[in-house]
Amino acid sequence: MHIEVQGRGAPLVLLHGWAMHGGVFAPLVARLADRFELHVVDLPGHGRSRDSAVALEPDAVVDAVAARVPVAPWLGWSLGGMFALRAAATRPARVPALVMVCSAPRFVRDVAGAAAVAATRDGGTAAANRYGMSPEIFAGFARGLRDDYHGTLERFIALEAFGSDDARGELRALRAEVFARGEPPAAALAQGLDLLRTVDQRPLLPALGVPSLWIAGRRDRVVDPRAMRAAAAQAPGAGFVEVEHGGHAPFLTHADDVAGAIAGFLAGTGRPPRPPLPRPPSPDPDSSATP
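In terms of the UniProt record's numbering, the numbers along the sequence shown are unbroken and rise by one, the last being 291.
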C-alpha cells in the first residue's frame with residue numbers, strides 16, 4: 001500500500017474517501033505540514049495502491065496501515081473514516097485520537113429506522129441511523145459501475161460537491177483528482193460501496209476509549225451532519241464541529257477552518273502539534289537599494 005510522508009512534527013495519518021486517493025488532501029496537507037508529519041494513505045484499489053493485495057476490508061486495511069505508520073491519531077474522510085474509527089476503537093494504544101471528517105459509523109439508513117426513532121425516547125443510536133443515505137441510492141451506484149463507470153463516478157462527485165457554497169470549485173477539484181493517479185478498478189469501487197452499504201460501527205461508539213473530533217459540512221448531501229452529531233453524542237468526550245457552508249469535502253473549500261479545528265483538537269489531546277515553522281521575513285520596502 002502506498003503511504004506518502006510529508007511535513008514535520010507530530011505524526012498524523014490521513015485516509016481518503018471512496019474513489020479518491022491521498023492526493024485529494026492537498027489543501028489540508030499544505031496547511032498542516034509545518035506542524036505535523038502527515039502519513040497520507042492510498043487505500044487498496046485506489047491511487048498508487050490500485051494493485052495492492054490488501055483486501056479492502058476494515059480489519060485488513062487497519063492492520064496493513066498500522067504496520068506502516070507510527071503511533072498517531074488517524075483522520076478519515078468519508079469511507080476513510082470507517083477504517084479510522086475501527087482503528088481507534090480496536091487499537092487505542094496505536095491510535096490515541098480520532099478525527100472523522102464527513103463520515104459516520106453507519107452510512108445507510110435502515111428500512112426500520114423511522115420506526116426505531118419513533119419508539120426511542122431520546123433518539124440515540126436510532127437517530128444516527130435515521131439520517132443515513134437511502135440504500136436505493138447505493139444500489140443505483142453499484143448498478144451504474146457495471147453499466148456506466150465514468151458516468152457513475154461523475155454523478156457521485158457531483159453529489160459530493162452539491163450543497164457547498166463553492167460547489168463549482170469543489171466539483172472542479174474533485175474532477176481533477178479522481179483519475180490523477182489512474183483509474184481505480186471497478187471491482188475495488190464496488191467493494192467500497194458494499195462496505196458503505198453494510199458496515200455498522202455504531203456499537204463501537206459508547207466504549208470508544210480515545211478522544212475524537214467529528215467535523216461535518218452543514219450542506220453535506222452524502223453524510224448528513226445530524227448523523228455525525230448523533231454519533232459524537234454517543235462517543236465519550238467527543239467534540240463536534242460543523243462547517244457552516246461546507247459540503248462533503250470541506251477541506252477543499254474551507255481548508256483553513258478544517259485545519260484549524262484539527263490542530264486545535266490535537267493540541268488538547270496531550271499530543272500537541274509542532275508550532276508553525278517561522279516564515280521567511282518579507283522584504284522591507286523601505287530598505288530597497290534603489291536610490
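Virtual Cβ for every residue (Gly too), placed ideally from N, Cα, C.
Beta strand (DSSP E) containing residue i: first to last residue?
i	result
residue 98	98-101
residue 135	Taken as a continuous stretch (DSSP letters only), residue 135 belongs to no beta strand (DSSP E), being part of the alpha helix (DSSP H) at 135-147.
residue 76	74-77
Answer with buried or exposed for residue i, where buried requires no fewer than 16 other C-beta atoms within 10 angstroms of its C-beta.
i	result
residue 115	Note that residue 115 scores a pLDDT of 45, beneath 50, so its modelled location is shaky and nothing firm can be said.
residue 125	The predicted model places residue 125 with a pLDDT of 46, which falls under 50 and marks its position as unreliable, so this point remains unresolved.
residue 220	buried
residue 206	exposed
residue 103	buried
residue 49	buried
residue 5	exposed
residue 134	exposed
residue 179	exposed
residue 80	buried
residue 176	exposed
residue 238	buried
Suppose contacts are defined by Cβ-Cβ distances below 8 Å. Is residue i in contact with residue j by that definition?
i	j	result
residue 349	residue 74	Residue numbering for the chain in the displayed model covers 1 to 291; residue 349 lies beyond these limits and cannot be assessed.
residue 31	residue 261	no
residue 160	residue 21	no
residue 105	residue 231	yes
residue 86	residue 71	no
residue 145	residue 158	no
residue 19	residue 156	yes
residue 209	residue 58	no
residue 229	residue 216	yes
residue 82	residue 223	no
residue 15	residue 84	yes
residue 99	residue 240	no
residue 181	residue 17	no
residue 132	residue 227	yes
residue 13	residue 65	yes
Residues in its own chain within less than 8 Å of residue i by CB, not counting five upstream and five downstream?
i	result
residue 45	52, 56, 184, 185, 187, 188, 189, 191 and 192
residue 118	The predicted position of residue 118 is uncertain, since its pLDDT is 42 and thus under 50; a value taken from the coordinates is nonetheless stated next. So no residue of the chain qualifies.
residue 122	With a pLDDT of 41 at residue 122, under the threshold of 50, the predicted position of this residue should be treated as unreliable, and no value is reported.
Going by DSSP, what residue range makes up the alpha helix (DSSP H) through residue i?
i	result
residue 66	58-66
residue 169	167-178
residue 226	225-234
residue 253	250-253
I'd like the list of long-range same chain contacts for residue i, defined as Cβ closer than 6 Å, with 5 residues on each side in sequence excluded.
i	result
residue 3	39, 41 and 68
residue 254	243 and 246
residue 269	97 and 211
residue 292	Nothing can be reported for residue 292, as the shown portion of the chain is limited to 1 through 291.
residue 204	89
residue 346	Past the edges of the chain, shown from 1 to 291, lies residue 346, and the structure says nothing about it.
What residues are listed by DSSP as bridge partners for residue i?
i	result
residue 41	3 and 15
residue 216	242
residue 200	106
residue 10	36
residue 247	In DSSP, residue 247 forms no bridge with anything.
residue 182	180
Only counting the same chain, and skipping five residues up and downstream in sequence, which positions put a Cβ closer than 7 Å to that of residue i?
i	result
residue 252	27, 170 and 173
residue 141	152, 156 and 193
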